[in-house]
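Numbering (the numbering used here), first residue to last: 376 to 1016.
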Amino acid sequence: MERYPGELDTLRAENLRLRNLLRLTPEQAAAVDPDQTGTNTPVDMRSSPEDKVRFYTDLFRCRKDVYAVRWENKRDGRSGWMPAINGRWIKGASRESLDYGRLTPDVVAKHLRGDQHIGFYALGDDDSCWWVAADFDKDTAMLDALAYVKAARSEDIPAALEVSQSGRGAHVWIFFAHAVPAATARRLATALLAEAIALRGSMSLASYDRLFPSQDTHTGKGMGNLIAAPLNGARRQHGTTLFLDPATLEPFEDQWAYLSSIPRLSSQHLTTLARAVAEPATGHKVHKLSLPTSSKIVPRPAALIRTTFAARLTLTAADLGPAMISAVKHAASIPNPEFFNRQRARRSTWDTPRFIRSYDETLDGDLILPRGLLTLLATLVESADSTLHIDDQRVSGTSQQFSCAAELRSEQRQAVRHIEQHEHTVVVAPPGTGKTVIACAAIAARSTSTLVLVDRKALADQWRQRLLEHLGLRCGQIGGGRSKTTGTVDIALLPTLARRGNVAEITGPYGFIVVDECHHVAASAFTDVLNQIPARYWLGLTATPERRDQLEDLVYHQLGSNTHTIAAPKPGEFPTEGTIPAPHRQLHVHHTSSSIPATPIRASPAESRRSIGHWLLIRSGAVKSSAMCSAPIRTEHTCSC
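Structural data, given as C-alpha cells:
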C-alpha cells in the first residue's frame, strides 16, 4: 500500500464521501470493540491453520452433509456453482442417487488456502440456521450494505460487512450463539432491510429476496440456496471475500482477530427483537410517511412535490427524500401471494419475489407509478406536510355527441351518475344487471372519443351489437380480424394491442377508456398496454373483482380504488322500476314426437307411474316390447304438472 500513496488517498476520500452520504456517526462507523469476544476460542492471524479451521467451522455453521463448489469455464467465460460430488457427475442420474461430498475440516482448509472456492447451504433440515446474511449487488451495493449495517447497529446488533467474490457486491452477516429458527432470523433481517431502504431510498425492494437462508422452512427435497463462503485464499489475494471496516471500507488487517471479536446474538435476544417488528407495510397499508429511527438526520420531502401525469405518474426524486421514496415504493407494491403460498406449503421460494412491484425507475432515479395510485400518493404527500403539484398531460379526447336509447333502472342511473363524478371508476355488478347498458350510457354522458378494451373476440362482437343498439353507432375494431377504427367509439382486443409496438399512437386520440372484464388487466401483458394509454377517463367493468391468484390489487393500481357496487337481486326477485314491468312467468311447451297411448287405463298411481316408465323404456329401446305387461290398466288420475 505504501507504493501507491495516491491511490490510497483516493480510496480514503471515496470512503469518506460514502460515509457522509449515509450520515454514519463515528460510533456507527466504528469497528466492533476488540475487547468483545465471541462464543468460541478466539484466533488471530498468528494462530495455527488447525485453530483457524476449527474457529471458521464453528462461526459459519451450516449443513455438513453437502456443500457447493464454484466452477469456471475459461474457454467461454461461463461460471457457476454446483453441489460437490464424490467422484464424477453421472449424466441423467437422479438427485437421490448422487454421492454428495460432506463439508469436512479438510474441505474448509482447502477453501482457506485457495485450492477451491466453496459455498454454504445455510438452512438446516430442522429449519434452523446459525447466521443470516444479506446480499447486495450492482453499483450501489456498498452504500446499500452500509445502510443495512447502520440499521443493525442502531439496534445493537453486531453486523459484519464483507466484500463479495466479484468485488462489486457485498454481504452483511449476523451470527447467532445457537441454532435459531430460520423464520425468526429472516423476520429480523427483513425489518432491518425495511429500515435500510428508508435510509437509502434508492435501494430496490428486490433486496428482500436476497437473504440467506432464502426461505423459512425446508422442503425436504432440495438443499436450499447457497452463499459463497468468505475468506477464500485465492480471492483474498485480489482483495475480495474479505471483511471491511465500515469506518474506512478497508479490509481489517487481521481478519481472524476481527471475526473473533464479533459478538453472537443470543436466541433470546433475537426472539425479543423479532417480536417487536412487523412485516413491511405495502400497498394500501402505507397511508402515512414513516421516518427511519436509526438516524437523527433525516432529509424531509420538499414543500412542493412535482409530478407529471400522462399515461402514468412520474415523480421527481429530488423532491421526495429517501424516506418518502421508500414509502412510495412500498405503496406501489403488493405481497406476492405465490411467495407466501409456497412458503406455507414448505416449498422452495427460489426465483419467487416476495413483493410484486408496480413502480418503475428512470435512469435519474425518478419514480413512475400507475395512475390508480394518485389518491394514495396524495395521502402520503399530505402526511409529510407537503403539497402535490400535478402537471396534467392526459388526453381528454375529441368532443362527441351521443344519445343513449336505453331506458335505465334506478340503480343503473345511479351508477352512471357516479361514473360522471369521478375520472376513474370500477363498477362491480353481477351478471344480468346491465353493465354494458351502464357503459353505453356513460359513453353518452362523457361525450368524448371512447375506446372499449376487451380480452376476447366474442366480447368484441357483443359490444359492436350493443353500441349499435343503444347508441346507434357502427364502431371500428382492432383485432379479431379487423383493423379499421373510426376515432369516435372503437373496440380493441387487449391481446392484439399487447403484440403491437405502437400502443401509445393507437390509443392516443381517445379520452375515455372502458375496460370490460377488467379483472384480467392484472396480467403483465395487459398491464404493459394500459401503462401506455394517456386517457383522462377510465371505467372498469367486472362481476368478479377477486382473482384466483389474489392479484386484484393490481387492477386497482391501474383503474383506481374508487368502486361502485350494484348488489345482486335476491333469489326469486326481479329488478323493477317505475313503468318498466317486471317479467311475468310464462309456460313454454316444447313439442316432441313422443306420445302416450290414448286408451284409458285404470290403475293405482304407483302402477300408473310404472306403466308409463316402462313404456318410455320401450320407446328408448332399453327393453323389448314383449316385456310389456299385457293386462289392460286404466287410470283416471289427472296430471297436475
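We treat Cβ as the ideally placed atom computed from N, Cα and C, and that holds for glycine.
All values derive from a computational prediction rather than experimental measurement.
Looking at the DSSP output, F777 bridges to nothing.
When the five nearest sequence neighbours on each side are left out, the beta carbons in the same chain lying within less than 7 Å of the beta carbon of F714 are those of T724, T727, P728 and R729, in order along the chain. Taking 4 residues as the shortest admissible run, the segment 564-624 contains the following complete alpha helix (DSSP H) segments, listed from N- to C-terminal end: 608-611. In this structure N711 is buried. Its beta-carbon is surrounded by 16 or more other beta-carbon atoms within 10 angstroms. Under the DSSP assignment, A545 falls outside any alpha helix (DSSP H), being part of the beta strand (DSSP E) whose first and last residues are A545 to P556.
When the alpha-carbon of G608 is set against those of H486, Q852, A780 and V418, the nearest one is in H486. In the structure shown, the three-state DSSP call for L536 is strand. Excluding the 5 residues flanking it on each side, Q590 has same chain C-beta neighbours closer than 6 Å at T724, in chain order. Taking one beta carbon from each stretch, the segment 699-710 and the segment 745-762 have 3 or more pairs nearer than 8 Å; the two touch. Annotation: the continuous alpha helix (DSSP H) that includes H793 extends over S785 to Q796.
Straight-line measurement puts the Cα of G915 at about 13 Å from the Cα of V791. Three or more Cβ pairs closer than 8 Å define a contact, and the segment 907-922 meets that threshold against the segment 878-890. As a beta-bridge residue in DSSP terms, V770 pairs with A910. Comparing alpha carbon positions, the residue from A835, D836, S785 and P805 closest to A816 is S785. Y496 is bridged by DSSP to L601. A contact is defined here as three or more CB-CB pairs under 8 Å, and the segment 690-699 meets this definition with respect to the segment 572-592. Here L521 is buried. Its C-beta has 16 or more other C-beta atoms within 10 Å.
Around A558, the same chain offers D591 as residues with beta carbons nearer than 6 Å, after the five sequence neighbours per side are excluded. S761 and I818 do not touch by the CB rule: their CB atoms are close to 37 Å apart, not below 8 Å. Pairing I637 with A535, the inter-Cα distance amounts to about 8 Å.
In the DSSP assignment, R681 falls outside any alpha helix (DSSP H) and within the unbroken beta strand (DSSP E) covering L679 to F684.
Looking only at G494, R438, F430 and R450, the smallest Cα-Cα distance to W456 is reached by G494. When the beta-carbon positions are compared, C850 and D836 stay at least 8 Å from each other. For R732, the secondary structure class from DSSP, reduced to helix, strand or coil, is strand. In this structure, A526 lies near A571, with their beta-carbon atoms less than 8 Å apart. Judged by DSSP in its simplified three-state form, F887 adopts strand. Taking D502 as the centre and dropping the five residues before and after it, the same chain places the C-beta of P556, A557, A558, D591, T592 and H593 closer than 8 Å to its C-beta, in chain order. As a beta-bridge residue in DSSP terms, S454 pairs with E447.
Contact between the segment 536-552 and the segment 512-520 is present, with at least three C-beta pairs closer than 8 Å.
Residue pairing from DSSP places W506 in a beta bridge opposite F550. Closest option to S774, judged by alpha-carbon separation, among Y431, I813 and G862: G862.
Between L868 and V829 the beta-carbon gap is near 6 Å, inside 8 Å, which marks them as a contact.
With fewer than 16 other beta carbons inside 10 angstroms of its own, P806 counts as exposed. Counting only the Cα atoms, A759 lies some 25 Å from A651. Of the residues Y475, R675, E625 and V801, the one whose Cα lies closest to the Cα of L929 is V801. Cβ-Cβ distances below 8 Å link N461 to D474, Y475 and G476 in the same chain, with the five nearest sequence neighbours on each side left out; the list follows chain order.
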